[in-house]
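Undergrad: Okay, handing you the structure first.
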Amino acid sequence: MPIPARPPRTCAHLRPGGLLVALALVVSGLFGTLPAAAQTPVAVPPDAPARYHPLPSVRAQAEEMQGWVEA
């Protein structure tokens, strides 16, 4: 009685979701460092103005919204 040949080890033994996860891991490993390299810190001068935009008062927002309703 001959010994049956062992099937080759390929991705065929993985379920479809497992293959997708394996591919996602490879792609994330390749592109995972790109966003971190793009966000390198920069020197901010100490006299730079603050970058925030205060919201108008609730009353001013309500008046603007009322204008939208009446339009």
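For the sequence shown, my numbering puts the final residue at 72, and the numbers step up evenly by one.
Every residue, glycine too, gets a C-beta built ideally from N, C-alpha and C.
So the alpha helix (DSSP H) LEU6 belongs to, where does it begin and stop?
TA: According to the sequence provided, residue 6 is Ala. The question's Leu does not apply to it. First-last for ALA6: undefined, no H or E at that position.
Undergrad: According to DSSP, is ARG52 part of a helix, a strand, or is it coil?
TA: Three-state DSSP puts ARG52 in coil, outside helix and strand.
Undergrad: Between which two residues does the alpha helix (DSSP H) holding GLY68 run?
TA: It spans 59 to 71 - the alpha helix (DSSP H) in which GLY68 sits, taken as one unbroken run.
Undergrad: So, helix, strand or coil for GLY30, using DSSP?
TA: If DSSP states are grouped into helix, strand and coil, GLY30 belongs with the helices.
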